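**Q**
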Amino acid sequence: MSLVNLRGRAAWVFEEDDYDIDLIVGVRNIKITDVKELAALAMADYLPDFAAGVQKGDLLIGGHNFGYGHPHYPAMRAMRHLGIAAVIAESFSPGFFRGETSMGFPLVSCPGIRAATARGDALTVDWDTNEVRNLRSGQTLMLQPFSESERGMLDAGGLIPYLKRRVVPAS
Amino acid sequence: MPQTMTEKILARAAGRPRVVPGEEITARPDFVIAYDFPGYTDVFFKETREDFGIEKVSSPERFVLFIDHMVPATAPKEEELHKITRAWGKEQGVPVHEREGIGHQVAAELGYATPGAFAVHFDGHVSQLGAFGTFAFGARKGVLESFVTETLTLTVPATVKVELTGTLQPGVMARDVFHHMVRVMGPASCRFKVVELCGPVIDAMSIEGRQTLCGQAMFLGATTMLIAPDAKTLDYVRGRSKIALDPVYPDADASYDSVVTIDVSTLEPIVVIPPSPANTRDLKDYTGVEVHTGYLGSCASGRLEDLRIAAEVLRGRRIQPGFQLHVVPTSKAIMAAAAREGLIEVLVEAGAFISSPSCDYCFGRIATMSDGQRAVSTGTLNTPGRMGSVDSEIYICNAAVVAASALEGRIADPRPYLAAAREGVAA
């Protein structure tokens, strides 16, 4: 398995810097463990029918230091369940970045992405050329490449399969 | 080639002559530290065995576990988690420290804060071991790698040197200094970097104050924060350190990502307003705001100097009727020392509720707030819902401010109380 190039719509553009991702499901809901229940609540404070409108492969766009604070896992669990394939942001908070990368979920640092994207725009991410392209405007931005282990985790689908590859080398 | 403390510690842990920022390395942590928490330790134990077939972790002497959350348990499920932790520790030969205090503090007391050591945890507040010159890093679920492989892969962070100059005014504490740093430098200023702290303010600061500063590193975006060991550090760790290592110091001409100098001479007490730890404000702009509960504790504050200053404010006074003041010493050792000093008596007589050490007040599992309530807190975070209802509010401040606010039922400046107490002593 390997990381596949992405193509999806910007399901949401978070305008805020230092965005606390707990707000995605609402702090009151972060202890919910049922992923369907969480997914139904995602972004309900922003747009009541957000969950219904997401298509598999859609993307989220964020600002600087996205995921600041104590980033709990329910927000992105909910988003993955809805079909969100990645978050592309100006930059990420380290704890959030490490946590989601270890889940095999791509967090793509891409300076300039927020200003270059409107909600609903179709975007592609090419992991070989490190390019993010806005298909509406034609604008291309460069993403910041992953480290070897980050890329390894994303290729493998998360920390556990990645470690299995390292600990038990394929014969 | 000159190196920062971070580069030296990581180079040793990676078994290399040197490492450079941006380079990915596989390093062997000297210590793998964790507290039991659902979805973390219980899952690590299971995955280590079931996914990797590891019946026994190698070098169990590097591991240490703390039971500091859900203490005491309030539901059978919580106690079940603790049983799993105790059983795993016994089976693996890994020490489990229970009811001794908040793990990040107890880790230092037990000698896991060895200067020059590399320590990992899933929780980022472990960075407070940096007060002792330990590179301590919160890798979240990435810590599983250390359970399985004895190592951790990480990118060597660049280092930001922050020099704190001047002299702190009375009533201004490490807590104020940290949040002032967030205000001046910005909450994203040190993303993926390490902060090495130095300067006359650090030299004069207690070990406890340094722990407070280093433990909050994540709110600058930093991977961790470090202070070069001095005589105070070496006195503290002597006879405690779990392993023999030479302390590590930065080279005078080490290369830093940036150097920031902050003069704190005119700094006054601050308050961090909801909903984010990024919202540092001057206390004077918020005095008079009605508050209903106060929390003095957590891994960030709740040490002896915090209890002492609170007792100074509260001695011979009574807190507002109806105000709930919760004082939770950070460790058993601190609680015992506070009792010997008579601080507990002063706090109790003023109307405080004293609890044995526990992490549970910090995240609202105990002393939960209801809709519309407001807290002054020395906890780590002020996100709505952190201490109960999402419609309650948390104002982060230093221990003296918590105490003064408890007297008035409003956010209050502790300095008049401290001045009165200090004049009383002089007279």
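Those protein sequence lines, which keep their order, are chains A and B. For the first sequence, the working numbering gives the first residue as 35, with consecutive numbering after it. For the second sequence, the working numbering gives the first residue as 693, with consecutive numbering after it. We put the CB at the ideal spot given by N, CA and C, even for glycine. Quick caveat: nothing in here was measured; it's all calculated off a predicted structure.
Flag Glu699 of chain B as yes if its beta-carbon sits less than 7 Å from any beta-carbon of chain A, otherwise no.
**A** Answer no: the Cβ-Cβ gap between Glu699 of chain B and chain A never drops below 7 Å.
**Q** In chain order, what residues of the same chain lie with their CB nearer than 8 Å to the CB of Arg708 of chain B, ignoring the 5 residues before and after it?
**A** Ile717.
**Q** Distance, Cα to Cα, Asp1052 of chain B vs Tyr727 of chain B?
**A** Straight-line Cα distance between these residues: approximately 13 Å.
**Q** Judging by CA-CA distance, which residue of B:Lys738, B:Leu836, B:Glu783 is the nearest neighbour of Val724 of chain B?
**A** Measuring from the Cα of Val724 of chain B, the nearest candidate turns out to be B:Leu836.
**Q** Please report how far the alpha carbon of Ile776 of chain B lies from the alpha carbon of Lys748 of chain B, in whole angstroms.
**A** Looking at the two C-alpha atoms, the distance is approximately 15 Å.
**Q** Just the Cα atoms here: how many angstroms apart are Val712 of chain B and Ala936 of chain B?
**A** So the two alpha carbons sit approximately 25 Å from each other.
**Q** Would you give the residue range spanned by the alpha helix (DSSP H) that Val876 of chain B belongs to?
**A** Taken as a continuous stretch (DSSP letters only), the alpha helix (DSSP H) holding Val876 of chain B covers 866–877.
**Q** Since Ser968 of chain B meets chain A, which of its residues come closer than 9 Å, beta carbon to beta carbon?
**A** Going along chain A in sequence order, the residues near Ser968 of chain B (Cβ under 9 Å) are Asp52, Asp54, Tyr102, Gly103.
**Q** Could you tell me if Leu197 of chain A is buried or exposed, where buried requires 16 or more neighbouring beta carbons within 10 angstroms of its beta carbon?
**A** The residue in question, Leu197 of chain A, is buried, as its Cβ has 16 or more Cβ neighbours within 10 Å.
**Q** Leaving out the 5 sequence neighbours to the left and right, which residues in its chain are closer than 6 Å to Val47 of chain A when beta-carbon positions are compared?
**A** Answer for Val47 of chain A: Ile95, Thr151, Arg153, listed in chain order.
**Q** Under 7 Å between the Cβ atoms of Val788 of chain B and Ser1050 of chain B?
**A** Not a contact, by the Cβ cut-off of 7 Å.
**Q** Along chain A, which residues have their Cβ under 9 Å away from the Cβ of Ala765 of chain B?
**A** Within 9 Å Cβ-Cβ: nothing; Ala765 of chain B doesn't reach chain A, min ~17 Å.
**Q** Name the one or two DSSP bridge partners that Val47 of chain A has.
**A** In the DSSP output, where bridge partners are listed per residue, Val47 of chain A has A:Ile95.
**Q** For Phe839 of chain B and Tyr978 of chain B, what's the separation of their Cα atoms in angstroms?
**A** C-alpha separation (whole angstroms): 46 Å.
**Q** Report the three-state DSSP secondary structure of Phe824 of chain B (helix, strand or coil).
**A** The answer is helix: DSSP assigns Phe824 of chain B an H, G or I state.
**Q** For Arg832 of chain B, return the contacting residues in chain A, with the cut-off set at a CB-CB distance below 8 Å.
**A** Going along chain A in sequence order, the residues near Arg832 of chain B (Cβ under 8 Å) are Gly129, Arg132, Gly133, Ser136.
**Q** Distance cutoff 7 Å, beta carbons only. Does Ala880 of chain B sit that close to anything in chain A?
**A** By this cut-off, Ala880 of chain B is an interface position.
**Q** With a threshold of 7 Å between beta carbons, is Leu93 of chain A in contact with chain B?
**A** For Leu93 of chain A, the answer is no, since every Cβ of chain B falls outside 7 Å of its Cβ.
**Q** Could you tell me whether the Cβ of Pro1076 of chain B comes closer than 7 Å to any Cβ of chain A?
**A** So, interface residue.
**Q** Restricting to Cα atoms, I'd like to know which of B:Phe758, B:Gln695, B:Lys833 is closest to Phe799 of chain B.
**A** Before going further, note that residue 799 of chain B is Ala rather than Phe in the sequence given. If we check each option's Cα against that of Ala799 of chain B, B:Phe758 comes out closest.
**Q** Would you list the one or two residues that DSSP bridges to Thr847 of chain B?
**A** Note: Thr847 of chain B sits in a beta bridge opposite B:Glu716.
**Q** Using a Cβ-Cβ cut-off of less than 9 Å, list which residues of the segment 726–742 of chain B approach chain A; keep chain order.
**A** Here the close residues are Gly731, Glu739.
**Q** Have a look at B:Gly878, B:Ile1058, B:Val952 and flag the residue whose alpha-carbon is nearest the alpha-carbon of Gly986 of chain B.
**A** The candidate whose alpha carbon is nearest that of Gly986 of chain B is B:Ile1058.
**Q** Between the segment 175–191 of chain A and the segment 56–66 of chain A, can you find at least three pairs of beta-carbon atoms closer than 8 Å?
**A** They do not touch, by the three-pair rule.
**Q** Taking the continuous alpha helix (DSSP H) assigned at Ala1124 of chain B, which residues delimit it?
**A** Nothing in the structure corresponds to residue 1124 of chain B, since chain B is present only between 693 and 1119.
**Q** I want to see whether chain B comes within less than 7 Å of His106 of chain A, judged by CB atoms only; does it?
**A** Not one chain B Cβ lies under 7 Å of His106 of chain A.
**Q** Taking CB distances under 7 Å as the criterion, tell me whether Asp168 of chain A reaches chain B.
**A** According to the sequence displayed, residue 168 of chain A carries Asn and not Asp. By this cut-off, Asn168 of chain A is not an interface position.
**Q** Select from the segment 834–864 of chain B all residues with a C-beta closer than 7 Å to any C-beta belonging to chain A, and list them in chain order.
**A** Listed in sequence order: Gly834, Leu836, Glu837, Val840, Thr841, Thr845, Thr847.
**Q** Closest by CA to Val756 of chain B, which one among B:Lys738, B:Ala767, B:Gln797, B:Ala765?
**A** Out of B:Lys738, B:Ala767, B:Gln797, B:Ala765, B:Gln797 has the C-alpha closest to the C-alpha of Val756 of chain B.
**Q** Report the residue from B:Arg741, B:Asp743, B:Gly1064, B:Ile1086 whose alpha carbon sits nearest the alpha carbon of Leu1073 of chain B.
**A** For the residues B:Arg741, B:Asp743, B:Gly1064, B:Ile1086, the minimum Cα distance to Leu1073 of chain B belongs to B:Ile1086.
**Q** Any residues in the segment 812–833 of chain B with a beta carbon nearer than 8 Å to a beta carbon of chain A? Which ones, in chain order?
**A** Flagged, chain order: Gly816, Gly830, Ala831, Arg832, Lys833.
**Q** Rounded to the nearest angstrom, what separates Val687 of chain B and His761 of chain B at their Cα positions?
**A** What the structure shows of chain B is the stretch from 693 to 1119, and residue 687 of chain B is not part of that stretch, so it cannot be assessed.
**Q** Inspect the CB distances between the segment 821–828 of chain B and the segment 853–865 of chain B and report whether three or more fall short of 8 Å.
**A** Too few Cβ pairs lie closer than 8 Å, so no.
**Q** Anything in chain B within Cβ reach of Ile194 of chain A, meaning under 8 Å, just list it in chain order.
**A** Going along chain B in sequence order, the residues near Ile194 of chain A (Cβ under 8 Å) are Glu739, Asp743, Leu836.
**Q** Could you tell me if Ala204 of chain A is buried or exposed, where buried requires 16 or more neighbouring beta carbons within 10 angstroms of its beta carbon?
**A** With a pLDDT of only 46 at Ala204 of chain A, under the threshold of 50, the placement of this residue in the model should not be trusted; the figure read from the coordinates follows. Classification for Ala204 of chain A: exposed.
**Q** Strictly below 7 Å CB to CB, what residues from chain A border Thr915 of chain B?
**A** Under the 7 Å cutoff, chain A gives Pro128.
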